[in-house]
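These notes concern the structure reproduced below.
In my numbering, the protein residues as written are 5 to 70.
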């Protein structure tokens with residue numbers, strides 16, 4: 005879960021509802037970190053996806069990669 009540190013819509017406590025989620029705060033961003041801090045946001049997404057590939061994560065049944 006990515007969160008802008010200045011997000012006024014929700015609070016970091018919301019993340020507690022997702023027990024298996026990873027939580028990352030993006031500095032100098034609000035509710036739209038992908039627009040406000042795109043480099044930081046996409047670096048975190050890339051790192052997460054790479055960790056899943058390295059871990060050997062499998063696609064859900066019926067999913068395909070194109």
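The beta carbon of each residue, even a glycine, is placed where N, CA and C say it ideally should be. Owing to the predicted nature of the structure, the values given are computational and were not obtained by experimental measurement.
Mind checking whether residue 26 and residue 33 have CB atoms under 7 Å apart?
-> no
Who are the near neighbours of residue 31 in its chain, counting only those whose CB is closer than 8 Å to its CB and skipping five residues on each side?
-> 9, 41 and 44
Supposed contact pair residue 49 and residue 35 - C-beta distance, whole angstroms, cut 8 Å | That pair is no contact at about 17 Å.
Just the C-alpha distance for residue 59 and residue 20, rounded to the nearest angstrom, thanks.
-> 24 Å
Terminal residues of the continuous alpha helix (DSSP H) containing residue 49?
-> 42-59
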